[in-house]
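Novice: Numbered per the working numbering, the sequence shown finishes at 631, counting up by one with no gaps.
Questions regarding the structure given below will be posed in turn.
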Amino acid sequence: MAYKDIYTRSLADPESFWMEEAGKIDWVQKPSKALFDDKAPLYEWFSDGLVNTCWNAVDRHVEAGRGAQAAIIHDSPVTGTKHKISYAQLRSRVARLAGALRAKGVEKGDRVIIYMPMVPEALEAMLACARIGAVHSVVFGGFAAHELAVRIDDCAPKCIIAASCGIEPGRVVHYKPLLDGAIEQAAHKPDFCVIFQREEEVAKLIEGRDYDWHAFQYGVEPAECVPVEGNHPAYILYTSGTTGAPKGVVRPTAGHLVALNWTMKNIYNVNPGEVFWAASDVGWVVGHSYICYGPLIHGNTTIVFEGKPVGTPDAGTFWRVISEHKVKSFFTAPTALRAIKREDPEAKELAKYDISHLRALYLAGERADPDTIEWAQKVMGVPVYDHWWQTETGWTIAGNPAGCEALPVKIGSPTVAMPGYDVRILDESGHEVPPGTLGAIAVRLPLPPGTLPTLWNAEERYRKSYLNTFPGYYETGDAGMKDEDGYLWIMARTDDVINVAGHRLSTGAMEEVLASHPDVAECAVIGAADALKGQTPVGFLCLTKGVNRPHADITAECVKLVRDQIGPVAAFKLAVVVDRLPKTRSGKILRAIMVRIADGQEFKMPATIDDPAILDEIRVALRGIGLAKG
Ligand code: COA
Ligand code: AMP
2 MAYKDIYTRS LADPESFWME EAGKIDWVQK PSKALFDDKA PLYEWFSDGL
52 VNTCWNAVDR HVEAGRGAQA AIIHDSPVTG TKHKISYAQL RSRVARLAGA
102 LRAKGVEKGD RVIIYMPMVP EALEAMLACA RIGAVHSVVF GGFAAHELAV
152 RIDDCAPKCI IAASCGIEPG RVVHYKPLLD GAIEQAAHKP DFCVIFQREE
202 EVAKLIEGRD YDWHAFQYGV EPAECVPVEG NHPAYILYTS GTTGAPKGVV
252 RPTAGHLVAL NWTMKNIYNV NPGEVFWAAS DVGWVVGHSY ICYGPLIHGN
302 TTIVFEGKPV GTPDAGTFWR VISEHKVKSF FTAPTALRAI KREDPEAKEL
352 AKYDISHLRA LYLAGERADP DTIEWAQKVM GVPVYDHWWQ TETGWTIAGN
402 PAGCEALPVK IGSPTVAMPG YDVRILDESG HEVPPGTLGA IAVRLPLPPG
452 TLPTLWNAEE RYRKSYLNTF PGYYETGDAG MKDEDGYLWI MARTDDVINV
502 AGHRLSTGAM EEVLASHPDV AECAVIGAAD ALKGQTPVGF LCLTKGVNRP
552 HADITAECVK LVRDQIGPVA AFKLAVVVDR LPKTRSGKIL RAIMVRIADG
602 QEFKMPATID DPAILDEIRV ALRGIGLAKG
């Protein structure tokens, strides 16, 4: 079917469009209608239906005769292991874990934090929560104890499920001490923890609080799927905002099922039974939607890959996995391909593998630069589809609907708006701008099913962050334009969020940490261009009067402080001491100008700048750390 017809229908008649898609999901009780708009501008979908995510992702495939098909392939170059779990095995493993959680008092609506690396048990924990209607919140393993503590206090989990360790190239990530530290720091204490002990490191359990993953499940009654309302939260996923407090994005159960199911064929072009691989992490939204839920809801085989694009053991790992498991559609972040290209520019490793099963490569998570797209197209010999979305939406806002109609690719554009997303480019006063003109990217409300209805325990923040700037619209936080053909071009964030190696980070959160250093009077963090990671954070520190310790000591302490407080994922390695920060006469820090200086780009001197001479000091400081060239 033509994309245009599908898209037009989704906006003209969302009720029939989404009710038809809802028919592809198993309901305990069908919803009476699709859209619930009585609390507009807050919207919900399928609210009065009754449904269970785990049933749709696992049990129904077993019932339909797919029990023997692999649901999950764990491919772990960092531990040198590979194994498969069939849908039938997955059902009994998840039902048992769910039963054990229930036996310890976890019920529908209770929160469960999951802090685990890329092991199938992470998906099993997510699905076990879904089975009993508990609301999970997965925390990425690269976050430090403090970040975990913030999330514990915000969602107040009854239980935390963690692994004893994760494995990064060259080091073991000790999850258990991080978990213990986080619980100590948090005001809220979970009733109990479940620890999945890995062979690489056996953690010490705290008696009475911690249970061993296996022992805890011994002899329990497996749990059946508990029906939940369509608007019941499936999960909370925290993402970076402009301040240090992360935003708890709520994912509604029914819309999530319906929307993800639609994307698997129409965007990723896979049929049930085929192998789909998203090389991301369960801690990110890509991991939620496309390592766990999407492929399983659709009856695909998903790959849980525990490794890196390079160094585990070489730049051929991705090609090996694609070849060995006959991957049909592959999804990764541009930064991963840049890492491979840097190490193996001629793709000599690729020549060792047969990747002829692969139909297409999908890129998201950050801007896909034309060089990377062209290189991937050339060496892989498949179409490369960029697509743009966010934690908040949970699925593609703009992409190429390759499974219904593959549209011509324009390199640098993620293509066109997906069903239900009425994307508009607005000027500062909220008026639509003509094609080809840069503006704020907004989506007319309501957003389609599966997108966030609110933030966890923070409705006012939800309104303020997304709804208030342009009444009647959802503000994406991205700036860009639409061309004459309706293709979208995503240019930059409009807020202080930066993107480092496909990871969304808040400069505001890093500034809060730097400001807590006793010698720092004032600071600013910007994202400078980085050839591998897209952006890299750079901190500017103004010292408290009278401090005359060596600057190198202070910057090293600040780098360590960010790593200890936020985590290694912040990739904060560059800090410089400066006398002053460039500001407007009203005192606003001119971060955008600092970015242009760091990137060696031309800029127009802002009329409001307080003292232009400061910019030369900034340039000199940046040159001292290898930036501001050109
Ligand atoms: N647990 C603990 N630490 C982690 C971690 C995890 N799950 N993931 C990353 N880290 C650590 C890394 O070890 C690194 O630590 P270091 O400072 O001691 O070296 C730090 O966090 C920064 O990680 P990253 O920015 O990812 O850099 P890297 O050098 O480890 O790897 C790439 C670079 C490009 C290979 C890697 O970033 C990559 O594969 N990115 C893909 C991005 C992605 O999947 N994004 C999800 C959205 S689609
Ligand atoms: P996250 O919520 O971590 O998925 O990050 C979402 C943000 O990443 C978006 O708001 C964009 O700024 C950026 N992003 C994601 N995908 C793309 C893309 N394909 N092109 C440009 N930017 C992207």
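Backbone N, C-alpha and C fix where the C-beta goes; we use that ideal spot for every residue, glycine too.
For VAL29, count neighbouring Cβ atoms within 10 angstroms of its own Cβ and tell me buried if that reaches 16, exposed if not.
Specialist: The residue you call residue 29 lines up with position 28 of the sequence shown. Under this definition VAL29 is an exposed residue.
Novice: Beta-carbon separation of GLY588 and CYS559 under 9 angstroms?
Specialist: As a first step, residue 588 must be located in the sequence shown, where it is residue number 587. As a first step, residue 559 must be located in the sequence shown, where it is residue number 558. In this structure, CYS559 does not lie closer than 9 angstroms to GLY588 by Cβ.
Novice: Heavy atom of the ligand COA less than 8 angstroms from the Cβ of SER281, yes or no?
Specialist: Translated into positions along the sequence shown, residue 281 becomes position 280. Yes.
Novice: With burial defined as no fewer than 16 other Cβ atoms inside 10 Å of the residue's Cβ, what is the status of GLN602: buried or exposed?
Specialist: For this step, residue 602 is matched to residue 601 along the sequence shown. Looking at its Cβ environment, which holds fewer than 16 other Cβ atoms inside 10 Å, GLN602 is exposed.
Novice: Since ILE615 sits in a beta bridge, which residues does DSSP pair it with?
Specialist: Stepping through the sequence shown from its first residue, residue 615 is reached at position 614. Here ILE615 is not bridged, per DSSP, to any residue.
Novice: Closer than 8 angstroms to a non-hydrogen atom of the ligand AMP - does that hold for the CB of GLU1?
Specialist: Nothing can be reported for residue 1, as the shown portion of the chain is limited to 2 through 631.
Novice: CA-CA distance, TRP285 and CYS55?
Specialist: As a first step, residue 285 is located in the sequence shown; it is residue number 284 there, counting from the start. As a first step, residue 55 is located in the sequence shown; it is residue number 54 there, counting from the start. Spanning the two alpha carbons is a distance of roughly 20 angstroms.
Novice: Below 6 angstroms CB to CB, which residues in the same chain sit around ALA235 once its five sequence neighbours on both sides are set aside?
Specialist: As a first step, residue 235 is located in the sequence shown; it is residue number 234 there, counting from the start. THR54, ARG252, THR254, HIS257, listed in sequence order.
Novice: Quick check on THR397: buried or exposed, where buried means 16 or more other Cβ atoms within 10 Å of its Cβ?
Specialist: Numbered from its first residue, the sequence shown carries residue 397 at position 396. By the neighbour-count rule (16 or more Cβ atoms within 10 Å), THR397 is buried.
Novice: At a cut-off of 8 angstroms, is TRP285 close to the ligand COA when judged by its beta-carbon and the heavy atoms of the ligand?
Specialist: Start at 1 with the first residue of the sequence shown, and residue 285 comes out as number 284. Checking the Cβ of TRP285 against the ligand COA gives yes.
Novice: Relative to the C-alpha of ARG103, which candidate in GLY535, PHE193, GLY481, PRO420 has its C-alpha closest?
Specialist: As a first step, residue 103 must be located in the sequence shown, where it is residue number 102. Per the Cα distances, PHE193.
Novice: Any contact between the segment 139 to 149 and the segment 567 to 578? By contact I mean 3 or more CB pairs, one from each, below 8 angstroms.
Specialist: yes
Novice: Checking the sheet assignment: what are the DSSP bridge partners for ARG505?
Specialist: Here residue 505 refers to the residue found at position 504 of the sequence shown. Answer is ASN500, bridged to ARG505.
Novice: Give the C-beta separation of ALA399 and VAL424 to the nearest angstrom, bearing in mind that I take them to be a contact with Cβ-Cβ under 8 angstroms.
Specialist: Position 398 of the sequence shown holds residue 399. Position 423 of the sequence shown holds residue 424. Yes, they are in contact, since the Cβ atoms of ALA399 and VAL424 sit about 7 angstroms apart, within 8 angstroms.
Novice: Helix, strand or coil, according to DSSP, for LEU542 in the structure here?
Specialist: Position 541 of the sequence shown, counted from the start, is the residue given in the question as residue 542. Here LEU542 sits in strand by DSSP.
Novice: Of the choices ASP554, LEU364, ALA89, whose alpha-carbon is the least far from that of TYR386?
Specialist: Reading the sequence shown from its first residue, position 385 is the one you call residue 386. Looking at the Cα atoms, LEU364 is the closest of the given residues.
Novice: Buried or exposed: where does TYR219 fall if 16 or more other Cβ atoms within 10 Å of its Cβ makes it buried?
Specialist: Position 218 of the sequence shown, counting from 1, holds the residue named residue 219. Exposed: under 16 other Cβ atoms inside 10 Å.
Novice: Quick one: which unbroken alpha helix (DSSP H) runs of 4-plus residues sit fully inside the segment 279 to 319? Chain order, please.
Specialist: 295 to 298
Novice: I'd like the span of the alpha helix (DSSP H) that includes THR1, first residue to last.
Specialist: The structure shown has nothing for residue 1, since the chain only spans 2 to 631.
Novice: In whole angstroms, what separates the C-alpha of HIS326 from that of GLY274?
Specialist: By one-based count along the sequence shown, residue 326 stands at place 325. By one-based count along the sequence shown, residue 274 stands at place 273. Approximately 12 angstroms between the Cα atoms of the pair.
Novice: Is LYS109 closer than 9 angstroms to ILE133 when the C-beta atoms are compared?
Specialist: Residue numbering aside, residue 133 sits at position 132 when the sequence shown is read from its first letter. Residue numbering aside, residue 109 sits at position 108 when the sequence shown is read from its first letter. ILE133 is a Cβ neighbour of LYS109, given a cutoff of 9 angstroms.
Novice: If you follow the beta strand (DSSP E) that ALA101 is in, where does it begin and where does it stop?
Specialist: Along the sequence shown, one-based indexing puts residue 101 at 100. Here ALA101 belongs to no beta strand (DSSP E); instead the alpha helix (DSSP H) covers 88 to 104.
Novice: DSSP on MET482, reduced to helix/strand/coil?
Specialist: Translated into positions along the sequence shown, residue 482 becomes position 481. Strand.
Novice: Kindly indicate which three-state DSSP category ASP600 falls into: helix, strand or coil?
Specialist: To locate residue 600, count along the sequence shown from 1; it is residue 599. Coil, per DSSP.
Novice: On a CA-only basis, which of TRP490, LYS342, THR470, VAL521 is nearest TRP320? Give me that one, please.
Specialist: Along the sequence shown, read from residue 1 onward, the residue named residue 320 stands at position 319. Selected option, being the one with the closest Cα: LYS342.
Novice: Within the continuous beta strand (DSSP E) that includes ALA235, where are the two ends?
Specialist: Taking the first residue of the sequence shown as 1, we reach residue 235 at position 234. Segment 234 to 240, the beta strand (DSSP E) holding ALA235.
Novice: Between the segment 362 to 376 and the segment 388 to 397, do three or more beta carbon pairs fall short of 8 angstroms?
Specialist: yes
Novice: Bridge partners of PHE471, per DSSP?
Specialist: One-based indexing of the sequence shown puts residue 471 at position 470. BP columns for PHE471 are empty, so no partner.
Novice: Look up VAL173 in the DSSP assignment and say whether it is helix, strand or coil.
Specialist: As a working note, residue 173 is residue 172 in the sequence shown. In the structure shown, VAL173 sits in a strand (DSSP, three-state: E or B).
Novice: So GLY300 and ARG94 are in contact, right, with Cβ under 8 angstroms, and what is the actual spacing, rounded?
Specialist: Counting from 1 along the sequence shown, the entry for residue 300 is found at position 299. Counting from 1 along the sequence shown, the entry for residue 94 is found at position 93. GLY300 to ARG94, Cβ: 18 angstroms. No contact.
Novice: What does the alpha-carbon distance come out to for the pair VAL311 and GLY317?
Specialist: Counting from one through the sequence shown, the residue named residue 311 turns up at place 310. Counting from one through the sequence shown, the residue named residue 317 turns up at place 316. Each residue's Cα considered, the two are about 8 angstroms apart.
Novice: Could you give the first and the last residue of the continuous beta strand (DSSP E) run that contains ARG494?
Specialist: Within the sequence shown, residue 494 is the residue found at index 493, counting from 1. From DSSP, the beta strand (DSSP E) with ARG494 extends over 489 to 494.
Novice: Given this structure, state the Cα-to-Cα distance separating PRO449 from LEU12, to the nearest angstrom.
Specialist: As a first step, residue 449 is located in the sequence shown; it is residue number 448 there, counting from the start. As a first step, residue 12 is located in the sequence shown; it is residue number 11 there, counting from the start. Looking at the two C-alpha atoms, the distance is approximately 9 angstroms.
Novice: From GLU350 to THR313, what distance separates their C-alpha atoms?
Specialist: What you label residue 350 is simply residue 349 of the sequence shown in a count that begins at 1. What you label residue 313 is simply residue 312 of the sequence shown in a count that begins at 1. Going by the C-alpha atoms only, they are around 13 angstroms apart.
Novice: Could you tell me whether the segment 116 to 126 touches the segment 470 to 483, using the rule of 3 or more Cβ pairs below 8 angstroms?
Specialist: no
Novice: Roughly how many whole angstroms lie between the Cα atoms of GLU201 and SER48?
Specialist: Residue mapping note: residue 201 aligns to position 200 of the sequence shown, counting from 1. Residue mapping note: residue 48 aligns to position 47 of the sequence shown, counting from 1. Taking the straight line joining both Cα atoms gives about 44 angstroms.
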